[in-house]
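Residue numbers (the working numbering): 2 to 205.
Scroll down for the structure; my scribbles are underneath it.
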Amino acid sequence: MAKIDPQASVKIDAYYQNAENWSQPICTALRQLIHKTDSRIQEDWKWRAPNFCYMGLICWVVPFKSHVGINFFKGSLIEDTHGLFDDTGLDGKHNRIIKITSEQELKKNTRYIKQYLIKAVELNVKGVKPSPIRPDLVVPDFLLSALSEHTAAKIFFSALAYSHKREYIEWLTGAKREATRISRLEKALDMLNRGVKMHDQSRK
2 MAKIDPQASV KIDAYYQNAE NWSQPICTAL RQLIHKTDSR IQEDWKWRAP
52 NFCYMGLICW VVPFKSHVGI NFFKGSLIED THGLFDDTGL DGKHNRIIKI
102 TSEQELKKNT RYIKQYLIKA VELNVKGVKP SPIRPDLVVP DFLLSALSEH
152 TAAKIFFSAL AYSHKREYIE WLTGAKREAT RISRLEKALD MLNRGVKMHD
202 QSRK
């Protein structure tokens with residue numbers, strides 16, 4: 002596990018003291034809630050911001066212009082039973098953030114946030130890790146058009162695993178000249194029609 006910054010608590014003190022006046026009590030209350038929830042949780046300083054960890058990262062608590070965010074690093078594995086997670090910018094991320102805009106809102110949701118913290122600690126204790134996030138593959142139009150005219154190749158390509166599709170796409174789009182791309186496309190269609198993966202071909 003990464004080494005804890007020995008000056009983390011001092012840096013967090015200063016960080017919150019310099020925050021907007023309205024957000025300071027929210028940051029303090031969340032900080033206290035985290036430690037009351039599980040005394041094993043330690044404070045750390047990463048990415049120039051307050052972080053909290055136990056057997057791995059748990060969350061960070063950061064004040065913004067109009068809200069204080071408590072971000073759970075494995076939030077995608079925490080069931081949002083009480084609808085607290087903000088939906089903004091979730092694509093391709095495991096983080097989930099709760100945005101607190103007032104002390105009243107925090108008091109209303111304190112017991113629920115505690116439940117999420119308990120679950121976050123449990124995930125780390127059990128060593129549960131989110132599945133790697135893979136970006137969506139963008140199949141180039143010229144390949145889609147070609148596949149529409151070659152049924153066998155289209156069926157085989159559609160059934161390929163993510164990594165094998167990516168190999169074909171990267172090989173085809175990596176061609177710098179039009180003539181090279183056309184040549185590779187012809188070869189790719191021949192291989193796909195024969196049910197051959199790029200990796201299989203390279204081993205011959």
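Even for Gly, the Cβ is constructed at its ideal location relative to N, Cα and C.
Being a predicted model, the structure only gives us computed values, none of them experimental.
Check each candidate in the options and name the one with the smallest Cα separation from residue i.
i	options	result
E104	F53, H68, A176, Y169	H68
K75	L138, P131, D191	P131
D88	I98, E44, K115, T174	I98
A50	M56, R41, D39, P64	P64
Q116	P7, G84, Q43, L193	G84
I114	L145, R135, G70	G70
I170	V139, K177, T181	V139
V122	N194, M56, L145, T82	M56
K47	K177, Q8, K94, R135	Q8
T82	L58, N96, N110	N110
R41	K94, V129, N125	N125
L160	L31, T181, N194	Here residue 160 is Ala; the residue named in the question, Leu, does not match the sequence. Ranking the options by Cα distance to A160, first place goes to N194.
E106	L31, K4, D39	L31
P141	K127, A176, D14	A176
K95	R135, K127, K66, K108	For the sequence presented, residue 95 should be read as His rather than Lys. Of R135, K127, K66, K108, the residue nearest in Cα terms is R135.
Straight-line CA distance for residue i to residue j?
i	j	result
D92	F143	Caution applies to D92, whose pLDDT of 49 falls short of 50 and renders its modelled position unreliable; the value that the coordinates give is listed next. Their Cα atoms are separated by approximately 27 angstroms.
Q33	T174	52 angstroms
Q18	S24	10 angstroms
K37	R112	12 angstroms
P133	G196	28 angstroms
L58	T102	24 angstroms
P26	N72	18 angstroms
C54	Q43	5 angstroms
D14	D39	20 angstroms
Let me know if residue i comes out buried or exposed under the rule of 16 or more other beta-carbons within 10 Å of its beta-carbon.
i	result
A162	exposed
D45	buried
W61	buried
N52	buried
I119	exposed
L145	exposed
N22	exposed
I35	buried
I183	exposed
With a CB to CB cut of under 8 angstroms and the five nearest residues on each side skipped, what residues in its chain are close to residue i?
i	result
A20	C28, P64
W172	R185, A189, M199
R178	none
Suppose the cutoff is 7 angstroms on Cβ atoms and the five residues either side in sequence are ignored; what does the same chain contact list for residue i look like?
i	result
L148	A154, K155, F158
E150	none
Y16	P51
R167	L138
V129	L78
Within a Cβ cutoff of 6 angstroms, which residues of the same chain sit near residue i, ignoring the five residues on either side of it in sequence?
i	result
K100	H68, G70, D87
K12	W46
D6	D45, W46
So, is the C-beta of residue i closer than 9 angstroms to a C-beta in chain C?
i	result
V11	No chain C is part of this structure, which consists of one protein chain only.
Are at least three pairs of beta-carbons, each pair with one atom in the region 148-155 and one in the region 72-86, less than 8 angstroms apart?
no
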